[in-house]
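Counting from -14, one number per residue, gives the positions in the sequence shown under our numbering. Backbone N, C-alpha and C define an ideal beta-carbon position, used for all residues, glycine too. Structure record follows, encoded as structure tokens.
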Amino acid sequence: NRQIIFRDYVEWEIRSPDIYMMRLLESAFRKNGIHYGNQHFSDVALRLMNETVEKDSIHIRMLSPICLYSTNKETKKTYFYSPEEEAFPEQVNDNFVRKYTACYGIPPNSGIEIETVNVRRRDKYVTKYKEFYLSGWLGEYRLTGERKYLDFLYQTGLGSRNAQGFGMFEESPEWYSYFENDVLAIIVMSFIALCHRGKHPVNSRIDYHIKLFIISLRHKTCCILIRDQFNKFTKVFFIFTFTDRIKYNSK
């Protein structure tokens, strides 16, 4: 019925590099409440938070889809970019330069880089805004650049259509940081590799073939080479290092 039903409290976050505007919004919301559609909400709890990016390389998770597109001036057709395309990082950087220049009147001294970490097909979102369909992507990425530029993007958002809520992200811890030490990681990976066929659903698919399982640990990739011979697993010997790639050797 084209209705939005809130069954519990709702959190709404607004970011901007303009601190003065944020204080005006906070004052107005506190005094007048919030109007959403034809509803008025007066019971509103407000917090002004001073969150900034303090590093020049961060692992991020998109809270709303990142939308990047270009429009052909002759055909008027709009093309939406996906993270798997080579042009995607360039489009992110070009959008950042335009946004920063429009905000401060001068271009940035350097650009920013974005690397895809963990993006799946289900991270694609298509939504209708007014009479247009917009395509965007959630997922996890790594942003690299000067700290002040990453903080600017944190306050404004990545990509286009930020005024419509696209491009908001949060800094997210990397998956491998949850391991307290290498030994725990080895135990977990050994269990996955050496478990009995009848006790693990993945093992039922293995029948006299060499399989390569890829387990994504956020931005690190673990590769386990498992050989199945006569319905039994051979021993897997691990060379386990927390470098850019975790390598294994199987005999």
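- Residue range 132 to 141 is occupied by the alpha helix (DSSP H) that includes Y134, with no beta strand (DSSP E) assigned at that position.
- Judged by DSSP secondary structure, R83 falls within the alpha helix (DSSP H) whose first and last residues are 72 to 89.
- Taking C-alpha positions only, G121 is separated from V111 by approximately 6 angstroms.
- R132 and E36 have their alpha carbons spaced roughly 13 angstroms apart.
- In this structure, DSSP gives L119 an extended state, which the three-state scheme calls strand.
- According to DSSP, I99 shares a beta bridge with L128.
- Per the C-alpha coordinates, the member of G124, T129, P158, P93 positioned closest to G152 is G124.
- From the listed residues P158, T101, K84, Y54, the smallest Cα separation to P93 is found for K84.
- For M47, the beta-bridge partners assigned by DSSP are F154.
- For S42, the beta-bridge partners assigned by DSSP are T129.
- V77 and L48 do not touch by the CB rule: their CB atoms are close to 16 angstroms apart, not below 8 angstroms.
- Judged by beta-carbon spacing, I43 lies within the 8 angstroms limit of L135, meaning their Cβ atoms are closer than that value.
- Around the beta-carbon of R146, 16 or more other beta-carbon atoms lie within 10 Å, marking it buried.
- Taking 8 angstroms as the cut-off, the beta carbon of V38 is found closer than this to the beta carbon of Y139.
- Between E98 and G130, the gap from beta carbon to beta carbon is short of 8 angstroms.
- Counting of Cβ neighbours within 10 angstroms places V102 among the buried residues, the total reaching 16 or more.
- Secondary structure note for S12: its alpha helix (DSSP H) is the uninterrupted segment 4 to 17.
- Counting other Cβ atoms within 10 Å of its Cβ, P158 stays below 16 and is therefore classed as exposed.
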